[in-house]
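Shown next, in C-alpha cells, is the structure this report addresses.
2 protein chains.
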Amino acid sequence: MLTYSFEHKGNESLYEFLYNKIKEDILSGILKAGEKLPSKRALAKHLNISVITVENSYNQLMAEGYLYSVPKSGFYVSDISSQKPLVTIRPERVRSLPETSQTFFEDFANNSTLADTFPFATWNKLTRLTMADYANELMQRSPSGGILPLREAIADYLYQFRGILVEPEQILVGAGTEYLYNILIQLLGRDKIYAVEDPGYQKITHVYEANDVSCVHVPMDKNGVNVASLEKTEADILHISPSHHFPTGIVTPIRRRYELLQWAMQNSSRYIIEDDYDSEFRLTGKPIPTLQSIDSAGKVIYMNTFSKSLSSTIRISYMVLPKALAETYHQTLNFYACTVSNFDQYTLYQFIEKGYLEKHINRMRNYYRMQRDTILSCIKKQVHYNKVKIKEEHAGLHFLLEADTKYSDEELIKRIADKGIRASCLSEYFYDKKDAKKHTLIINYSGMEPAKIEEAVDRLFRGIFA
Amino acid sequence: MLTYSFEHKGNESLYEFLYNKIKEDILSGILKAGEKLPSKRALAKHLNISVITVENSYNQLMAEGYLYSVPKSGFYVSDISSQKPLVTIRPERVRSLPETSQTFFEDFANNSTLADTFPFATWNKLTRLTMADYANELMQRSPSGGILPLREAIADYLYQFRGILVEPEQILVGAGTEYLYNILIQLLGRDKIYAVEDPGYQKITHVYEANDVSCVHVPMDKNGVNVASLEKTEADILHISPSHHFPTGIVTPIRRRYELLQWAMQNSSRYIIEDDYDSEFRLTGKPIPTLQSIDSAGKVIYMNTFSKSLSSTIRISYMVLPKALAETYHQTLNFYACTVSNFDQYTLYQFIEKGYLEKHINRMRNYYRMQRDTILSCIKKQVHYNKVKIKEEHAGLHFLLEADTKYSDEELIKRIADKGIRASCLSEYFYDKKDAKKHTLIINYSGMEPAKIEEAVDRLFRGIFA
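Order-wise, the sequence lines are chains E and L.
Oh and the first sequence: position 213 is 213 in my numbering, straight run, nothing missing.
Oh and the second sequence: position 108 is 1108 in my numbering, straight run, nothing missing.
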C-alpha cells in the first residue's frame, strides 16, 4: 500500500502533502496508468490520518485529472505519462532593455509634466468623493464609449472651449490616443490607406505599422500637409494635427483646411483624423478653431487627450466620431469594454463638471508662458544668441531653436549630451530624411524644473557653440 | 473703412468681437481675397478702440490664415472663399442604442460585483497614500508593460498562489484582457490562425473578427478542447481557459493539458493563450495548477485579470509572455504607452504588496461560497427540484442548471423574463448551434443581492415550470 512519511511535511497541510506525494509518484511513473489506489478508508487507516484528508487529496487529483474514479469500484491512476513532454528547454533570462544609462542634468526632449503642477489636493478630494457618492455606479459596467456623465461633461467642455457642438453619444473615451488609433483602424477598415504628416509624431506611424495597414507619409509645406502631394497618394484617411503640428508648430490656415475638407469630400471612404493634442496651450491669442467645427459633411474625427492638460500618466483620451461612424461603432465594436477605470472616469467627470479643469488649464497656461519666457530670456543672455533663431514659440509646450552651426545633428545631440543635457532634433521626426530640416533643436519645457533652467540653457549653448 | 458697431458685443471681449466680425465678412465675401485692410492704427482710431485690440484681432486672424501680412505694406485678406465647401449636410441625430428597456427584479446573466463587497476603505486609503508618497513617480512615464513595482508584486503573487515562476519583465499590464488580446494579435501576427473554444466566451471571437484575423472554433468534449478536432484545423494559436472553462465549467485534466502542449510544440509558430480569468475562485479544494507551470518549452501565454478578484470596472489585466515573446515585444511594440493610469498602478501595487489582495480574495471566496450555498439551498426547497440538475458548482462564480423541460431555450428565457428575471442559456455560447447543449441555464451569482436570492430563485422556477 502507498506509504508516505509525514515527517518532512513542512508548512503544507496534510491534504496538500499527500496530494503532492501521489502526484509526484504518478508523474515519475512509480504509480502506473490504470493502477488501482487503496480505498480512502484503507489509506487513511494505513497512514493514520483522517478519511476526509485522503478524500480531499483524491478529489483534488481527480479535478486535475491525475486520478479517475469508477463507481462502486474505486480510484485509478489516469494515463498521462505517455503524453508528458520530455523537453525541458530553459529559455534564457529576458535581456534587459537598453535603458538610457546616461543620467542628464536636464532633458529638453522630455514632454512630461511636473508633480508640482498636478492638482493633487483636488484630485485626492474628488477621488474620495467619488468612492463615497458613486459606490454603486463604480461597480456597474461602463458603456463602451465611457460613462454618460463624463461624455456629457466633455461635450459641454468642447462646446464652451473649442466651439464643437456634439452629442455625448459621439464621444468615445479610451485609455490613451494610441488605444483609440487601434479602435479607429478597426472602425475605418484595415483595407484603407492611412496618410500621416512628414515630419510627424513617429508613434502614429508605429501604430499603423503594428496593425499591418498601409501608411503613407505626406510632406508638409509651411501651411501644413501639402494637398498636391496628398492627391498623388491613394490615401483614404488623413491623420493630422492642424491646430498645432508636432514638432514644427505649424498652424494650418483656414484656406488649407477647406482644401483638406474638399479632398475628404471627394470620396465616401475618406476621413480626416484631427489630433488636437495640445490646443489648450496656445500661449498667444485665442485657441485655433478646430477643423471639426467647420466640417459640415461628417468627415472629421476629432481626438484629444488629458495628457497635456492633466498628466500623460493618467491615460485618458477621447475622440468625437461623426454621427454615421458613431452609429457604425455602436453596431460593430460596442462589445469592447471601456478601457478607462470607472474610478478615473467619475473622478474626471467631477473635475470637469465642477470647473476644476478650466481653472487648472488657465493656471497651467500661465505657468507654461512663464516657463517659456524664462527660457527665452536665458537664451537672449547667451553670447551666441545671434547665432540662433527661435521659431513657433506661441503655441504648445515646445519651440524650435535653429542654430547656425557646422555640426551634423548627430554631432549636436552628442555634444549637448556631453554637457549633461538631453535634446532632440527636428530631423529625427522626418520620414523622408532628404527633406529633413537640419540644425534645429526641439525645446520641450513642460517638464523642466524652473530652478534648473538657467544652467540648462547655458549647458545647451556650450554644447552647441563652445 | 471697416465699420462695426460694438453695441451688440455681449460678453465677448472687444478683441474677440472684432476678430469674429472681420472673419464673418471674409467668409461671406464682403471682404474679398487680396483686399487690403486698414492699418492697425487707422482702424483703432476709426473704431475708437486701442491699437493693441486691433493688433490682437489681426494676429489671431493671421494665425488662423484669414489674413496675411506683407512687410512694410500691411494686412491683406487671404484667398479662402473659392475653397469653402458649400455642402451643409446635417447628419441625423445618433440613434440611441437599443438599451434593454425591461428592468428586472434580479439578473442571473450579470457577472458584475456588488459595491458592498469592494474594499472601498482600503482602496481609498491606498489612493491617498499613493498621491502622498509617489507624487513624482506618478508623473513619470510608465514602462510599456507597467511600472516595475507592480510587475514585481504580480510576479510574487503568481509564484505564491499559482506556482508560476516568472520574471517581472515577462509581465505586461494592460487596461483589460480585450486590450491585451489586441496587443497579442500584433505580437503573434495577423497571418496566424486563432482557435477558440466552442462553446466559449463570445467576446474573444469578436476581438479576433474585429481585427480581421482568421478565427476557427474547436469543439469541446468533457475534457476541454478536443485535440483531434484541433489537429484538423490549421490553427497556430489556441486560446483556452483550461482551469475553468466559461460557460461549461470544465477543468481540463492533466493528460489533456500535456496533449495540448504537445500540439503546441509541433510547430514553432504555435502558442497557447491560457486565460485564467477566475482561478482564484475555486470553491472546493486547491486552485487548479496552471498550464503555464507545466510548460517547459515557452509555449504558453498566461493571462489574468483583476476583474473577478477586485472589480471588472477597475480595468486592470495582465499577461505573462514566454521569454522569447517578451523580447520580441520589447523590440517591436514597446512604443505603446501602458494603458493603465500610474495612479491605479501604484494603488494596486500597494494593495498586493501589503497583503490586501490575498485577504480580499479569501474573504470573497467565503462570500461567494455562501452565496452559492444559499442559492443551492433555495433551489433544493423548490417543488420542482427533482426536475433540475446542478452542474459545475465547485468553481468560479456561476454554475449550470439543467432543466427537464419541453420549452426551447428562447421560450425559457422569455418565460423567466416574464417573471422579472434575466437569465442566459448555455446554448447561446455555442458557435456551432447544432452541438448546442439545450435546457441549461447559466446561474451567475457574483453580483446577486443576498436579500433577493430566495425570491429570485422562486421566480426562476416559476418561469421554467409554472
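Glycine included, each C-beta is placed from N, C-alpha and C at the ideal position.
In this structure, HIS244 (chain E) places its C-beta atom within 7 Å of the C-beta atom of GLY396 (chain E). Think of a sphere of 8 Å around the beta carbon of PRO289 (chain E): the chain L residues whose beta carbon falls inside it are GLU1064, in chain order. Taking the CA atoms as reference points, ALA235 (chain E) sits about 7 Å from VAL216 (chain E).
Close CB contacts of ASP373 (chain E) within its chain, under the 8 Å cut and outside five residues either way in sequence, are absent. For PRO253 (chain E), the nearest CB of chain L lies under 7 Å from its own CB, placing it at the interface with that chain. For GLU178 (chain E), the nearest beta carbon of chain L is closer than 7 Å to its own beta carbon.
C-alpha of PRO1219 (chain L) to C-alpha of ILE154 (chain E): approximately 45 Å in a straight line. Under DSSP, PRO1219 (chain L) shares a beta bridge with L:ASP1198. Per the coordinates, the alpha-carbon of TYR329 (chain E) lies some 13 Å from the alpha-carbon of ASN182 (chain E). From the listed residues L:LEU1027, L:GLY1029, L:THR1053, the smallest Cα separation to LEU1014 (chain L) is found for L:THR1053. The Cβ atoms of LEU1400 (chain L) and LYS1406 (chain L) do not sit closer than 7 Å to each other. Under the DSSP definition of a beta bridge, TYR1302 (chain L) partners with L:GLU1274, L:VAL1320. Beyond the five residues adjoining it in sequence on each side, ALA1403 (chain L) comes within less than 6 Å, by CB distance, of VAL1388, HIS1439, ILE1464 in the same chain, given in chain order.
MET1001 (chain L) sits exposed, since fewer than 16 C-beta atoms from the chains shown fall within 10 Å of its C-beta. Around ALA1436 (chain L), the same chain offers SER1427, PHE1430 as residues with beta carbons nearer than 6 Å, after the five sequence neighbours per side are excluded. Uninterrupted beta strand (DSSP E) stretches at least 3 residues long and entirely within the segment 1206 to 1258 of chain L occur at 1214 to 1221, 1237 to 1240, given in chain order. Under the DSSP definition of a beta bridge, SER1424 (chain L) partners with L:ILE1442. Comparing alpha-carbon positions, the option among E:ASN124, E:LEU260, E:THR127 lying closest to ARG270 (chain E) turns out to be E:LEU260. Straight-line measurement puts the Cα of ASN226 (chain E) at about 18 Å from the Cα of ASN267 (chain E). Residues of chain L with a Cβ closer than 8 Å to the Cβ of ASN366 (chain E) do not exist; the shortest Cβ-Cβ separation is about 17 Å.
Fewer than three Cβ pairs drawn from the segment 1159 to 1170 of chain L and the segment 1364 to 1382 of chain L lie within less than 8 Å of each other, which leaves the two stretches out of contact. Residues of chain E with a Cβ closer than 7 Å to the Cβ of HIS1206 (chain L) are, in chain order, PHE335. Rounded to the nearest whole angstrom, the C-alpha separation of PHE1108 (chain L) and PRO1199 (chain L) is 19 Å. Flagged as an interface residue toward chain E: ARG1190 (chain L), by a C-beta distance shorter than 7 Å.
Counting along the chain, TYR1068 (chain L) sits inside the beta strand (DSSP E) bounded by residues 1067 to 1070. DSSP places GLY1463 (chain L) in the uninterrupted alpha helix (DSSP H) bounded by 1453 to 1465.
Going by C-alpha positions, MET303 (chain E) is about 7 Å away from ILE273 (chain E).
CA-to-CA, the gap between TYR1076 (chain L) and GLY1029 (chain L) works out to about 14 Å. Counting the other CB atoms within 10 Å of its CB gives PHE1105 (chain L) a total below 16, which places it among the exposed residues. Counting the other Cβ atoms within 10 Å of the Cβ of THR1130 (chain L) gives 16 or more, which makes it buried. An exposed status is given to ASN1362 (chain L), since fewer than 16 other beta-carbon atoms sit within 10 Å of its beta-carbon.
A straight line joining the alpha-carbon of THR313 (chain E) with that of THR1284 (chain L) spans about 41 Å.
A direct Cα-Cα distance of roughly 43 Å separates GLU197 (chain E) from LYS1308 (chain L).
The beta carbon of THR1130 (chain L) does not come within 7 Å of any beta carbon belonging to chain E, so the residue lies off that interface. For TRP123 (chain E), the CB contacts under 8 Å within the same chain, skipping 5 residues up- and downstream, are THR347, PHE351 in chain order.
Fully enclosed beta strand (DSSP E) runs of no fewer than 3 residues occupy 67 to 70 of the segment 13 to 73 of chain E, in order along the chain.
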